[in-house]
Structure formats: C-alpha cells, structure tokens
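Residue numbers (the working numbering): -8 to 452.
Glycine included, every Cβ here is placed at the ideal spot set by N, Cα and C.
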Amino acid sequence: MSEPSYQREYSVSGGSDSDEAANIKISVKSISEYFHCPICRCSIQGATLTSCGHRFCGSCISEWVGRKHQCPICRDKMSVDDIIPDKHFDELIGKIVTERVKEEKLYYQKVADAASESVLTGAKSLSGSLVMSPLTGILEKHLKQTMKQHEVYHQQILGEYQRSRAKAGREKQMKIEQVIRQYPHDPDHPERVQQLQRVEKEWEEKNQSLTNELARIELLLTSAYDRYLEKNLPAPDTLPITVCLSVPEKNFTADDVILKPNETMDTILKKVEEMMKEKKMEVTKFPPCEELQISLLSPFATENDDDDNQDEDDDAVGGEASLCAGGGLKKHKVGGACKGGGEGEEEQGLTSLVHTTLHGDCMPVLQYGIKPGSEIRIMGKIVLRGEEPKLCFASTFVKGEVKTIDYYACKTCQLASWICQNCADVCHEGHDLIPYKMNHVSTWPCCYCQRKKLCLISPGK
C-alpha cells in the first residue's frame, strides 16, 4: 500500500476570507523535501539559516562547518558565526507536523469506514437494490465499530512500516552522498564502487527485514483475531431464542419466553409451573416430562398441518412421528433410533405441528433446532388447586384435626345416615338425598358410604 498523500489547508494569498472559504489544500508530500535537513536527511530540528541562505539542523550544520568551514550545498566559505537560528521556520515545521498527524488520523478513519462498509454487502435483489436480512443488520451494527478500530490499528502499523522504510531510504542516500564526497573526481575508484555496493546491499537487507517484519505482524494479528472470532462469534443455532409456552387445557399462554440453548425440558417445565403460579394458577400436580405430550409448533405452521401430519403418520409403522437430533422430522418405528441428516432419509423441516414425547434431560433448542417464535405446547394431567379428584372424608381425615362436615342420607341406596359431602356428590350423584347432619364437627373418619362398600372415591377405586 502506497503512502497516503496527506493534505493540509494552505491560504494562497495570506489567509483572506475568500481563500478560507475556498478551503484550498496543498499536498504535504509535494513540499516535504524542503523540511528535511540536507545533511541528515531527517526533519529539520532546531532550524538554522546560513549566510548563503540555506537551512539545516542546528547541530548538523554546526558540526559540519566546524570541520569543513564551508556550506555543504554551495561550498561558500563560512564559520560558526555565520549561522543564525531560524525560529519562524521551526514554528512552521511544528505546525505542519501537527496538521499532518490530524490528517493522518482522518485518512485512517476513512480507510476503516470504507473497509467496514464493504465487509457485509448483503444480498441484492433482482432490481439491484440492497436487501439485508435482520440478522445481517444486527451483526453489521455490532461489528462495524470494531472493524473500524481494527482497521485503524492496522493502518497505524502500516504507517510505522512506511516511516521506517523512508528513514532507511534517507540513511541510504546520506551514505551514498558521503561516499561520493570522498571520491568526487574518481567515480570508478575501486574503494568507492565497493562502498556503494555495500550501501546498496545494506539497504536491500534492511528493506527486506522491514517487509518480513510487517508480514509477520499481520499474520500474528489475523491469526489471533480469527481464533477469537471462532470462539466468540456465535452461530444462530447456539443463541438464546424466544418462544411461546402454552398449556391449552388450562388456558395458559406465556409469550416471549427466552430459552437458552442448553436448557433442558425439566427446566422449561419448571418455568411453566412458576409462571402459572404467578398468574394465580396454583399447581398441585405437575407430571414429569415423560408423562406429558409435548407439541412443537413452528412459526409458520397452522392447525391444519397437524391433520396432514397425522395422515402421513398413519402410513408409518406404529403411527408415531418424533423430532430428530439434526433438527428435522422423521417417521420411525416406536422405540426405533432417530438420526437426522442421513442420506436417503425422508425428512422435513420443523414447519408443522408434531407431537412427541421428550425426556427431561433433552435440550430442545440444541437437539431439535427449534426456531425463534415457535410454540411449545404442553398437554397432560396437570392438576390445579380446586381440580383435585374428590376423596371420601374417611380417607382424608387427619387425626387431631377438627373439621366441619355436612352429612347426608340416601333413600335410593337405603343408607340412612353419615354420607360425607364428597360421597354425596360423586357416589350418590342423581340419588334421592336428604340432609342428615349439617355443619357437624367431626373428630374421627366417619362415612358409612365407605363402610358399606358403596364408595367410588376411596383410594384404589
């Protein structure tokens, strides 16, 4: 990459308002040679002006005149007393260096912006307009600033390389001029030729060394960055997703629930139970995962898809469909192994409602490729407070606990007394019942329905 031509503002006619409005700029590169000391070939430090009108570093010209007693450019005779400081030129060089640093930063920023813009180009529609997916937009949003910072860092390394190479070039030129001054009238002198060859060889070795060092640094940077991104840039299927959890039989739905990839079904079911409690739905019985039927519904599925799947499942042995570990669906024999992604296997994406039985330690996001926006339906014998099956009072009595019970008599069964409320509601439903003892404080497990072996709601029935 060639060294950038840095620009700075320069008023042509002394800074008039019209010139400032025009924002005229001159390339620093075109005038930079005038800021280099002819002796050391570096930027002039402590500028001095000789009586013959040439500028040098203060230390360089003082040392030169002390030995040679002449100007190194025009060979006019002079002494140290003929050298005067040039403070105005020092201020000019300082201003130019400051402006150059500012322009250098702006240049690197522009390069970084252009690089980050070209990294993620997106897909183009038939009309040629840019079409960017939402995921690409999010990645671009978070990577763009990082790309700028890394590109600026890379450009700074390139700048250091170019400055080192330019310095080596100036040193080479200075050595060549020294050799030429030693043999001004004999260009074919063997010692002069040998010294010039040595200078050229040193320059080539230095240049190659700088180029190799730049390549090594770039390789280290790219390797380190590649390893970091490989470990830290997540794939879409390893990101947390947002799903809907529902228990249709209990009229419960929880939208926008975030599931981590490593969450198991047991953990998901605990979430459901906790969210039901938050909605004042106290669960008294939540069966384990293996006793529930889990339905996975993709974002684009409809209830009609379930009927279509059922028709297809009727053709499969055992009539059962389940999710494969590769994220697809496969019909298989009950109890058979399920392996997604194999050649020749009939699979389809998760685009329809499919019922399956999952183990508590399975991870549906990772193992079954659940998409964001999917619905996980849970069906089974989940019991809420107030929905528990009624039991005979004789079976639920706790010794020492005093309860008030309503007792009835049943004319239909010719049971004249002591039928508890639950047995009256269940065992003698539709019978001719009459109150026997209302608000009776019972101190022992009394119910003649169970004693006469007419009870239908005793344990074991």
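Hey, would you say Phe47 sits closer than 8 Å to Ile30, going by beta carbons?
Here the question's residue 47 lines up with position 56 in the sequence shown. Here the question's residue 30 lines up with position 39 in the sequence shown. In this structure, Ile30 lies closer than 8 Å to Phe47 by Cβ.
Express the C-alpha separation of Glu142 and Glu54 in angstroms, rounding to a whole number.
For the purposes of this step, residue 54 is taken as the residue at position 63 of the sequence shown. For the purposes of this step, residue 142 is taken as the residue at position 151 of the sequence shown. Here the alpha carbons of Glu142 and Glu54 stand approximately 44 Å from one another.
Just the C-alpha distance for Glu195 and Arg154, rounded to the nearest angstrom, thanks.
As a first step, residue 195 must be located in the sequence shown, where it is residue number 204. As a first step, residue 154 must be located in the sequence shown, where it is residue number 163. Roughly 16 Å between the two C-alpha positions.
Apart from the five residues on each side of it in sequence, which residues of its chain come closer than 6 Å, Cβ to Cβ, to Gln186?
Along the sequence shown, one-based indexing puts residue 186 at 195. Excluding positions up to five away in sequence, the list reads Val170.
Between Ile373 and Val234, how many whole angstroms is the CB-CB distance? I'm expecting something under 8 Å.
Taking the sequence shown and counting its residues from 1, one reaches residue 373 at position 382. Taking the sequence shown and counting its residues from 1, one reaches residue 234 at position 243. About 19 Å separates the beta carbon of Ile373 from that of Val234, a gap too long to meet the 8 Å contact definition.
List the DSSP bridge partners of Ala415.
Walking along the sequence shown from the start, residue 415 turns up at place 424. For Ala415, DSSP records no beta bridge to any residue.
Of the choices Phe388, Asn413, Val432, Cys33, whose alpha-carbon is the least far from that of Leu445?
The count along the sequence shown starts at 1 and reaches residue 445 at position 454. Closest by alpha carbon: Asn413.
At 4 residues or longer, and completely inside the stretch 179 to 242: list those alpha helix (DSSP H) runs for me, N to C.
As for any alpha helix (DSSP H) of minimum length 4 sitting wholly inside the stretch 179 to 242, the runs are 181 to 223, ordered along the chain.
Per DSSP, Ala245 is paired with what?
For the purposes of this step, residue 245 is taken as residue 254 along the sequence shown, with counting starting at 1. In the DSSP output, where bridge partners are listed per residue, Ala245 has Leu236.
Grab me the residues of Asp306's own chain with a C-beta within less than 6 Å of its C-beta, minus the 5 sequence neighbours each way, in chain order.
Within the sequence shown, residue 306 is the residue found at index 315, counting from 1. For Asp306, the pLDDT reaches just 40, beneath the cut-off of 50, and the residue's location in the model is therefore unreliable, leaving the point undetermined.
Met266, enclosing alpha helix (DSSP H) - first and last residue
For the purposes of this step, residue 266 is taken as the residue at position 275 of the sequence shown. Run containing Met266: 256 to 269, per the alpha helix (DSSP H) assignment.
How close, in whole Å, do the beta carbons of Ile425 and Cys411 come, if the pair is a contact with beta carbons under 8 Å?
Here residue 425 refers to the residue found at position 434 of the sequence shown. Here residue 411 refers to the residue found at position 420 of the sequence shown. With 8 Å as the limit, Ile425 and Cys411 do not qualify as a contact, their Cβ atoms being about 15 Å apart.
Hey, could you find the ends of the alpha helix (DSSP H) Val56 is sitting in?
For the purposes of this step, residue 56 is taken as the residue at position 65 of the sequence shown. Element bounds for Val56: 49 to 59.
Would you identify the three-state DSSP class for Ser286, choosing helix, strand or coil?
Here residue 286 corresponds to residue number 295 of the sequence shown, with the count starting at 1. Here Ser286 sits in strand by DSSP.
Check each candidate in Asp246, His45, Pro436, Thr202 and name the one with the smallest Cα separation from Ala159.
Working through the sequence shown from its first residue, we reach residue 159 at position 168. The candidate whose alpha carbon is nearest that of Ala159 is Thr202.
Which of helix, strand or coil DSSP assigns to His27
In the sequence shown, the residue the question calls residue 27 occupies position 36. Strand at His27.
Does Pro436 come out as helix, strand or coil in the three-state DSSP assignment?
Residue mapping note: residue 436 aligns to position 445 of the sequence shown, counting from 1. Assigned with DSSP and collapsed to three states, Pro436 falls in coil, not helix or strand.
Using the rule of at least 16 other Cβ atoms within 10 Å of the residue's Cβ for burial, across every protein chain shown, is Leu260 buried or exposed?
Here residue 260 refers to the residue found at position 269 of the sequence shown. With 16 or more Cβ atoms within 10 Å of its Cβ, Leu260 is classed as buried.
Three-way DSSP call (helix, strand, coil) for Pro175 in this model
Residue numbering aside, residue 175 sits at position 184 when the sequence shown is read from its first letter. Secondary structure of Pro175 (DSSP, three-state): coil.
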